[in-house]
Amino acid sequence: MKKRLNQWKKSPAFSGMILFLGALVVYFLVQYLQVPESFWSVKTYRNFMSLFKSFSPLILVTMGQALLMLMGIIDISIGMQMSFANVLAAMLPQLLGIPVPLAWLIALAATVLLAAVNGMVVSYLRIPPLLAGFAMISVVKGINLLIAPKPGGTVPMIANQVFDSMIFGVIPFSVILLAVLYGAWVYLEKTPLMKSVYAVGGNERNAYATGINTTAVKVKMYLLAGVLTGLAGLCYTAAYTTGNPITGEIYGLQSISACILGGIALAGGWGNMICALYGVGFQILIQTTVPKIFAMISKTTGVNYNTYWHNLFSDSIILLGLVLTIFAVKAQRSSLLTGLQKQVKGGAAHGQ
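Okay, structure coming up:
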């Protein structure tokens, strides 16, 4: 048991799990303090499950960002690409009279194509991902605003009803979707492609020297990230029944911070998808819980606090979590390297 615990402590997801579990405990504690008489009712469960519906676009964008960050690539435009899918899905039926299902397929395909272009710019033209991301934000934002100068569009209510539904009256549709996509990650993780991804993230030159087509690997991961980003845009469309040209802009930075919070190394080569999920879960719980804490304080003291205070405290907690996670990841990697060096020295001594 102790050996297994020590192995888990060396896992990339360990620090993210600690942050997530801490935030989860605080979330339910605040829920209990707010309404102790109904805490053990179905309402508490439904309130928690509703977070998946509200934040599933951010979760999917974070999953896409994680695929890129494992290679040491940061795409700050990924949130704006989500808005691109959202705007196309909502506006194509209204502007061109295209059937809604076809419009959604076009939106998904167009987002994947956009991600592919971004990937080729980074991989083949060797433009730094950060600069490519800045340029892509401007281009996509302009396209979005040309298509939809203001929020609007045509979204059938059946889409919202399906997305808001509870399978067997217990599990939200969004949770099923996320579970299926995580299952796809578990399968992907066992493929040679993911071994190449970790190799590229660890040291791209060494990966290339061993015969890995690093350019092709990057483009493939951009394509997969594009699929997740497109699905995020469709989820946003179904959840909020509108097309918003700029709503996803902040998702780029939020997804990066979520990945780091979960334990994915900024330089690449360290982490996995569960890291991203722990990180985004921590972020969501903090952003949800802090306003409730201020509401309790206001009720007790009679002093009203505006949303600036909410943002200040929630962002400060997230910043602290980022700092702690970065130090934890460095310590984990250093410990792992030390252990490997000892094994190598021990093997050399045994050989002599």
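Mapping of the sequence shown onto the numbering used here: position 144 corresponds to residue 547, and the numbering continues sequentially without gaps.
The beta carbon of each residue, even a glycine, is placed where N, CA and C say it ideally should be.
Q: Give me the Cα-Cα distance between Leu634 and Thr704, rounded to the nearest whole angstrom.
A: 44 Å
Q: Might you give, ordered along the chain, the residues of its own chain that have their beta carbon closer than 7 Å to the beta carbon of Phe716, omitting 5 neighbours on each side?
A: Val693
Q) Given a threshold of 16 other Cβ atoms within 10 Å of its Cβ, counted over all protein chains shown, does Leu723 qualify as buried or as exposed? A) exposed
Q: Pair every Cβ in the region 602 to 613 with every Cβ in the region 449 to 460, then say whether three or more of these pairs are closer than 8 Å.
A: no
Q: Report back the beta-carbon spacing between Ala641 and Ala562 to the nearest angstrom; my notes put them in contact at under 8 Å.
A: 4 Å
Q: Taking all protein chains shown into account, decide if Asn707 is buried (16 or more other Cβ within 10 angstroms of its Cβ) or exposed.
A: exposed
Q.
If the criterion is Cβ atoms closer than 7 Å, does the pair Cys662 and Gln468 meet it?
A. yes
**Q.** Span of the alpha helix (DSSP H) around Ala587
**A.** 576 to 592
Q: Go to Glu440, then tell me how far its alpha helix (DSSP H) extends in each direction, as first and last residue.
A: It is not in any alpha helix (DSSP H) - Glu440 carries neither H nor E in the DSSP assignment.
Q: Could you tell me how far apart the beta carbons of Gly666 and Gly419 are, in whole angstroms, since I believe they sit closer than 8 Å?
A: 4 Å
Q: Give a yes or no on contact between the region 499 to 508 and the region 517 to 531, applying the rule of three or more CB pairs nearer than 8 Å.
A: no
Q. Just reading off the alpha helix (DSSP H) that Leu394 is part of, what are its end residues?
A. The question about residue 394 has no answer here: the residues shown for the chain are numbered 404 through 755.
Q) For Gly536 versus Ile579, is the C-beta spacing smaller than 7 Å? A) no
Q: Label Trp588 either buried or exposed according to how many other C-beta atoms from any shown protein chain fall within 10 Å of its C-beta, with 16 as the threshold for buried.
A: buried
**Q.** Opposing strand residues paired with Ile570 [DSSP bridges]
**A.** Ile574
Q) In three-state terms, what does DSSP make of Gly629? A) helix
Q) Along the chain, where does the alpha helix (DSSP H) that runs through Asn547 open and close? A) 532 to 550
Q) Hey, how far is the Cα of Ala679 from the Cα of Leu664? A) 8 Å
Q: Take Gly475 and list the residues in its own chain whose beta-carbon comes closer than 6 Å to its own, dropping the five residues that flank it on each side.
A: Gly604, Ala670, Gly671
Q. Which one or two residues does DSSP pair with Gly555 in a beta bridge?
A. Gly646
Q) From Met472 to Pro648, what does the alpha carbon distance come to, in whole angstroms? A) 25 Å
Q. What's the gap between the Cα of Met466 and the Cα of Met676?
A. 7 Å
Q) Among Asn547, Leu432, Ser457, Pro532, which residue has its Cα nearest to the Cα of Ile477? A) Pro532
**Q.** Whole-number beta carbon distance between Leu581 and Ser459, since they are thought to touch under 8 Å
**A.** 7 Å
**Q.** For Tyr430 and Leu637, believed in contact at Cβ under 8 Å, the rounded distance
**A.** At roughly 28 Å, the Cβ-Cβ gap does not stay under 8 Å, so Leu637 and Tyr430 are not in contact.
Q: In the DSSP assignment, find the unbroken alpha helix (DSSP H) run with Leu799 in it and report its ends.
A: Because the chain spans 404 through 755 in this model, residue 799 falls outside it and cannot be assessed.
Q) Would you call the CB atoms of Tyr681 and Phe423 closer than 7 Å? A) yes
**Q.** Run of the alpha helix (DSSP H) containing Ile677, from where it starts to where it stops
**A.** 676 to 704
Q. Does the Cβ-Cβ distance between Gly545 and Glu652 come in under 7 Å?
A. no
Q) Helix, strand or coil for Gly500 per DSSP? A) coil
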